[in-house]
Structures are given as structure tokens and as C-alpha cells.
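Positions in the sequence shown are counted from 1; adding 73 to them yields the numbering used here. From the three backbone atoms N, C-alpha and C, an ideal C-beta is built for every residue, glycine too. Note that the structure is a prediction, hence the values are computed from the model and not measured.
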Amino acid sequence: MTTVLLAGGGTGGHLMPALAIAQQLQARHPEWRMVFAGAERGIEATVLPERGVPHRLFPFEPIHRRQWWRNLKWPLLAWRVARAVDRMLDDERPSLVIGTGGYVSGPVVWRAARRGIPTAILELDVRPGFATRRAAPMVQEIWTASSEGSPRWGARPHRAVW
């Protein structure tokens, strides 16, 4: 069975596109299994259980730019999240990982790409977010909603899907 892992959340702007992608993939390939990775503190912690969507939630935290002292626990948290994501990748064995942005998608896409799992990211903003910019060099495809964002990707394969 083909499993597609969608990683994105924190806000509806990242989660809702992931849900739309899953819905379209499921309509075209009913035999495929969709699984979501999200943050314990994001909107996905409420929305995914309400919709009965298979998911795993992790203790992801954003990097705080103004309150730098809140980042002191970040290295330990990053290590814990990386181990948890690796366990999820071992359990789910996805054939494809799609990141839709936000602090949730970066670690999941990065860990999957390091394992050689096919990866893609969807960036709907003209100016890519931090997690997307960091994951972009490792993915096979970047899907954008605007050709204006194209120069930001350099030589990476991307296609506008508007």
C-alpha cells in the first residue's frame, strides 16, 4: 500500500492546503493511505481528530526570533522531535512526504529526505518561509502558486501549480 505523509501545520494556512492535497490524492487513488504529521500545539491538534484523519502530533516549537531566551531548550527539543519523526518514518514507511510549510514541515521533510524518501514542498507564499527555505535544497520538487517565487529557488526543480 502506498502511504503519503503530509507535514504542515501550526496554522490553518499550512494545514488546510495539506488537507486539500490529501483529499485530491485520495479521490484519484482511493487505495493510498494519507497520514499527517503535526504539532501538539497547532490547529491540527483539534482539526485532524475532529475529521478522523490518521495523524501523529509532535512537540514541535517555532524558533523565537524576538524572545531568544525561549530558544534555550530548543536543541534538546530538536533531538527529541528528530527521534520521534524517525520512529514515525519507520512505522509508516511513506512512499512520498509532502511538506506544506510551517515549523512542523521542516524537520519531517528534512528527516525523510535524508533517508532517500521522495519529498516535495508546497509553498503558496511568494516569499518562502524559514522552514521551507531550509528544506528546499533537499527535496525533489517544489510546488509554488506563483511564478514570482521562482528566482528564490535557484536551480532547484520547481513548478508553478496555479
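- The C-beta distance from A157 to F131 rounds to 5 Å, short enough to meet the 8 Å contact threshold.
- Non-local beta-carbon contacts of Q213 in its own chain, meaning distances under 8 Å to residues more than five positions away in sequence, involve P191, T192, A193, P230 in chain order.
- Secondary structure within the region 160–202: the alpha helix (DSSP H) runs of 4 or more consecutive residues, fully enclosed, are 178–187 (chain order).
- Counting other Cβ atoms within 10 Å of its Cβ, P122 stays below 16 and is therefore classed as exposed.
- Taking 7 Å as the cut-off, the Cβ atoms of A218 and W183 do not count as close.
- Using a Cβ distance threshold of 7 Å, A112 and V177 count as a contacting pair.
- Unbroken beta strand (DSSP E) stretches of 3 residues or longer found wholly inside the region 74–134: 76–80, 106–112, 128–131, given in chain order.
- When only Cα atoms are considered, R143 and F133 end up about 13 Å apart.
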